[in-house]
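Structure record follows, encoded as structure tokens.
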Amino acid sequence: MIYVDTSVIVAALDPTDPRREEARKALELHDNKIVSELVIAELASVLARQHKVLISIKDKLGLDDHRMASMTIILYILKRFNLKYIVVRGFSRTLFGKLYNPMRYAIELTERLRLKTLDLLHLAYIKAMKEQGLLINTLLTADTDFKNIEKDLQELLRVSIELLTPVSQ
656 MIYVDTSVIV AALDPTDPRR EEARKALELH DNKIVSELVI AELASVLARQ
706 HKVLISIKDK LGLDDHRMAS MTIILYILKR FNLKYIVVRG FSRTLFGKLY
756 NPMRYAIELT ERLRLKTLDL LHLAYIKAMK EQGLLINTLL TADTDFKNIE
806 KDLQELLRVS IELLTPVSQ
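Residues in the sequence shown are numbered consecutively from 656, following the numbering used here.
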């Protein structure tokens with residue numbers, strides 16, 4: 656099973672991204688692709704910044720508001736690339752009180768991995784999904800930060816990294 660990072664979806668949809676075709680092929684090639692609510696939230700954020708696109712789609716579909724247009728686009732993206740949204744359940748008691756499991760896992764992973772918050776959260780969702788019995792073995796991403804810690808990810812989460820070709824800087 657493959658957890659798809661938002662960066663791959665955005666690359667696949669961005670006509671100016673040099674990795675667009677590679678991202679589309681990766682999304683179309685693989686079966687058993689999953690996403691978390693974090694991916695959906697990040698896609699909603701990306702779409703919210705594409706105001707003209709949202710207005711155009713809202714008008715074409717006869718929708719009442721931008722939020723509905725955004726959700727419609729996200730549903731289309733999930734169906735287009737056969738991405739399955741997985742609901743993560745569970746809370747844990749901590750010194751801070753009750754925490755949603757992905758937040759707890761992100762805090763636990765931060766000392767060892769030292770990544771940006773959203774990257775840690777993607778890994779925390781993978782851990783939570785694995786604890787729910789999903790057999791996730793790969794993280795599909797365009798983010799080179801994950802490739803740089805692949806050995807740690809193999810050890811901690813038993814996942815490998817499939818990285819889109821990095822953009823030359």
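Beta carbons are placed, not taken as given, at the ideal position from N, Cα and C, and that holds for glycine.
Contact under 8 Å by Cβ, residue i with residue j
| i | j | result |
| --- | --- | --- |
| residue 768 | residue 804 | yes |
| residue 682 | residue 667 | yes |
| residue 703 | residue 729 | no |
| residue 775 | residue 761 | yes |
| residue 737 | residue 688 | yes |
| residue 743 | residue 662 | no |
| residue 799 | residue 657 | no |
| residue 721 | residue 733 | no |
| residue 817 | residue 789 | no |
Reduced DSSP secondary structure (H/G/I, E/B, other) of residue i
| i | result |
| --- | --- |
| residue 702 | helix |
| residue 718 | coil |
| residue 818 | strand |
Identified DSSP bridge partners for residue i
| i | result |
| --- | --- |
| residue 739 | 689 |
| residue 658 | 689, 794 |
| residue 747 | 754 |
Extent of the continuous alpha helix (DSSP H) run through residue i
| i | result |
| --- | --- |
| residue 682 | 675-684 |
| residue 671 | Run containing residue 671: none; DSSP gives neither H nor E here. |
#### Entry: Whole runs of the alpha helix (DSSP H) within the segment 749-805, excluding any shorter than 4 residues
756-768, 772-786, 799-803
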